[in-house]
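There are 2 protein chains.
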Amino acid sequence: MSDRTYAILGTGALGGFYGAKLQQAGLDVHLLLHSDYEYVSKHGLVIESVDGNFTLPQVKTYREVQKMPPCHVVVIALKTTQNHLLPDLLPPVVKDDGVVLVLQNGLGVEEEVAQIVGSERVIGGLSFLTANKVAPGHIRHLSYKNIILGEYTHDYHPGGITNRMQQIGEDFKSAGIPIELSEDLLLARWQKLVWNIPYNGLSVILNATTAELMADVHTRKLVEQLMYEVVAGAKSCTRIIPDSFVQTMLNNTANMKPYRTSMKIDYDARRPLEVETIFGNPLRMAQAAGANLPYINCLYQQLKFLDAKNF
Amino acid sequence: MSDRTYAILGTGALGGFYGAKLQQAGLDVHLLLHSDYEYVSKHGLVIESVDGNFTLPQVKTYREVQKMPPCHVVVIALKTTQNHLLPDLLPPVVKDDGVVLVLQNGLGVEEEVAQIVGSERVIGGLSFLTANKVAPGHIRHLSYKNIILGEYTHDYHPGGITNRMQQIGEDFKSAGIPIELSEDLLLARWQKLVWNIPYNGLSVILNATTAELMADVHTRKLVEQLMYEVVAGAKSCTRIIPDSFVQTMLNNTANMKPYRTSMKIDYDARRPLEVETIFGNPLRMAQAAGANLPYINCLYQQLKFLDAKNF
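As given, the protein sequences belong to chains A and B, one line each in that order.
First residue of the first sequence? That's 7 in the working numbering, and the numbers climb one at a time after it.
First residue of the second sequence? That's 7 in the working numbering, and the numbers climb one at a time after it.
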């Protein structure tokens, strides 16, 4: 059993699910909560999952990072719209030889985190979890749960597979989470954007499920054009995503059950949208490399308008 | 007084307003109606206008073109979404030496009409009318009313100012309608699209007034990018629209009262949208000339989706 300690910053669907799985596997897990602090402190966590339900009547909860022990691994499980809090949240809770695992959507967050804790203490993570928080401390896990890990390096040059990645990977595997170790975090992030940009964006703008977007010949074409622009953006950063990847994403999504994207769920709940990390940062990174991505830019500006109007 | 006879196909806000003005000026006007036929036949037309209200208790109404006399000038005042009816509507009602005035939005409609009546019998018209039909036969005219006329020629080469344009122009002027005669119909149509494409499209997609679109820094930028793409589309057809035209459109709209576009009004009333003539035809014309217009294409595909879902 690993003696690594985990701090989970944000106990929504993602933080709650992975935190509970790690604790269930015997790891020492410390949860930061905000609105659900009282409830979860008293009642613990309930995980309803396709893999089997379980409850953790007792979990270590905190309302302030100052009261948390410095941990080996600090998982950022907040929405990126909360990232203005990170300069206050991170320093007290990261052990000197600890790492911060940025388990968030989009692009460019590792750079922000590196400015706070130093780039040698940052690992990126991509989560493919489908889960919702249905009540305080009550998480419903629907299908996927896998994670890709990748080392962050200054300027995002490929960081290879490191020991600490393997160690963290082992912890998650022991908790039943499929883990893939990527030598190239930036490539993995662009690959995830191939799906996230078209479906998250259009689902909000057009009030549509993935199934509706795929059933209409015009939006299906638009999804494909957006995907190829993400591929062009990746290429401007010297990351090559093959056409077959785009076709696989299209086919998989066409065969999925109708799905309400996470950005649509946020929009319907009138929560702020992760527009900057999913759209703004990739656009700016590609633009700095000389690539113009008009379809993505069109969605970005539409989403900024809708996000501002949604309060 | 001119002895030219006018047939008005479609007696909504546009056909009703111009038809009433022409009849009031003493011209012989014949109105084709559909749903309002019974009411208008009995009660005539009521025009409530910033220029002064007036009523026409008796107007010449028809439910079928077969009963209309062949006229010197046939004004197409239908929405372009009804243009599949034109092959049946036009032939009986155009005099041998008559002309069809295509008083519709967008691009490419004259070509369709030319295939029905011959290109020598087509004139294009752009209306800048702000008016609504508030009840059967009751039209409320709010501000603008001017018309631009231009000769249609095969391949849209500039047709110059012809006698018949001047004659029709005189009729409208005698009815108090400001008329501009354009030597180049295609240029005039592209110029109108500079406004119509961004505001009509985004107002539907983002559920917004012109004022909201101009107040937000992101949509204001997107409007401008769309306008410059229309300029690029025009250029691909060898029509030059200066940058100052774009800036004037932006400034004028920013200084306008909040305005619900005609496409938004149609969308809210669950009527079909003029997507093909305002977006599809310009896109295809530019594409045939080798120009790629991604922002406009993005809006086109979004609007096709929303239009199909709106029934």
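Positions of the beta carbon are idealized from the N, C-alpha and C atoms, including for glycine.
Check, Outcome
"Under the three-state DSSP convention, the category residue 318 of chain A falls into", "Beyond the ends of chain A as shown, which are 7 and 317, falls residue 318 of chain A; an answer cannot be given."
"Test: residue 224 of chain B CB closer than 8 Å to a CB of chain A", "yes"
"Minimum C-alpha distance to residue 312 of chain A - residue among A:297, A:92, A:276 and A:56", "A:276"
"In chain order, each alpha helix (DSSP H) run of at least 4 residues that lies wholly inside the region 201 to 238 of chain B", "216 to 221"
"Any 3 or more C-beta pairs closer than 8 Å across the region 285 to 304 of chain A and the region 38 to 54 of chain B", "no"
"8 Å Cβ cutoff, residue 243 of chain B in contact with chain A", "no"
"Within-8 Å CB hit, residue 288 of chain A to chain B", "no"
"Residue 200 of chain A beta carbon less than 8 Å from that of residue 251 of chain A", "yes"
"Residue-chain proximity (residue 15 of chain B, chain A), Cβ-Cβ < 8 Å", "no"
"Residue 91 of chain A, buried or exposed, once every other Cβ within 10 Å from all chains shown has been counted against 16", "exposed"
"Straight-line Cα distance separating residue 256 of chain B from residue 106 of chain B", "33 Å"
"Under 8 Å between C-beta atoms of residue 75 of chain B and residue 36 of chain B", "yes"
"Residue 300 of chain A: contacting residues in chain B (beta-carbon distance under 7 Å)", "300 and 301"
"From B:300, B:197, B:228 and B:12, residue whose alpha carbon lies closest to that of residue 101 of chain B", "B:12"
"Neighbouring residues, chain B, relative to residue 314 of chain A (Cβ below 7 Å)", "222"
"Spatial neighbours of residue 237 of chain B in its chain, beta-carbon cut-off 6 Å, leaving aside the 5 residues before and after", "247"
"Amino acids of chain B, ordered along the chain, whose beta-carbon sits closer than 7 Å to that of residue 317 of chain A", "In chain order: nothing, as chain B lies at least about 13 Å away."
"Completely contained beta strand (DSSP E) runs for the region 135 to 182 of chain B, where each covers 3 or more residues", "144 to 157"
"Given residue 270 of chain A as reference, the closest of A:259, A:208, A:253 and A:241 once Cα atoms are compared", "A:208"
"Contact with chain A by residue 77 of chain B, beta-carbon distance below 8 Å", "no"
"Residues of the region 193 to 215 of chain B whose Cβ lies closer than 9 Å to any Cβ of chain E, in chain order", "Although the question refers to chain E, the structure presented lacks it and instead comprises the protein chains A and B."
"Neighbourhood of residue 120 of chain A by C-beta, 6 Å cutoff - its chain only, sequence neighbours within 5 removed", "128"
"Residue 137 of chain B classed as buried or exposed, judged by whether at least 16 other C-beta atoms fall within 10 angstroms", "buried"
"Residues of its chain near residue 38 of chain B, where Cβ-Cβ distance is below 6 Å and the 5 sequence neighbours each way are ignored", "15 and 68"
"Cβ-based neighbour list, residue 93 of chain A, same chain, cut-off 6 Å, excluding 5 preceding and 5 following", "122"
"Cβ pair count under 8 Å reaching 3, the region 191 to 198 of chain A against the region 281 to 288 of chain B", "no"
"Burial state of residue 227 of chain B (16 or more Cβ within 10 Å)", "exposed"
"Residue 246 of chain B, DSSP secondary structure in three states", "coil"
"Neighbourhood of residue 264 of chain A by C-beta, 8 Å cutoff - its chain only, sequence neighbours within 5 removed", "215, 216, 217 and 218"
"Residue from A:72, A:112, A:80 and A:20 with nearest C-alpha to residue 34 of chain A", "A:80"
"Where the alpha helix (DSSP H) containing residue 185 of chain A begins and where it ends", "First-last for residue 185 of chain A: 185 to 188, but that is the beta strand (DSSP E), not the alpha helix (DSSP H)."
"Chain B contact for residue 179 of chain A (CB, 8 Å cutoff)", "no"
"For residue 204 of chain A and residue 233 of chain A, believed in contact at Cβ under 8 Å, the rounded distance", "6 Å"
"Close-in-space but distant-in-sequence residues of the same chain around residue 149 of chain B (CB under 7 Å, 5 per side omitted)", "56 and 136"
"Close Cβ partners of residue 63 of chain A (< 6 Å) along its chain, the five nearest in sequence each way excluded", "50"
"Heavy atom of the ligand HEM within 7 Å of residue 315 of chain A beta-carbon", "This structure does not include the ligand HEM; it has no bound ligands of any sort."
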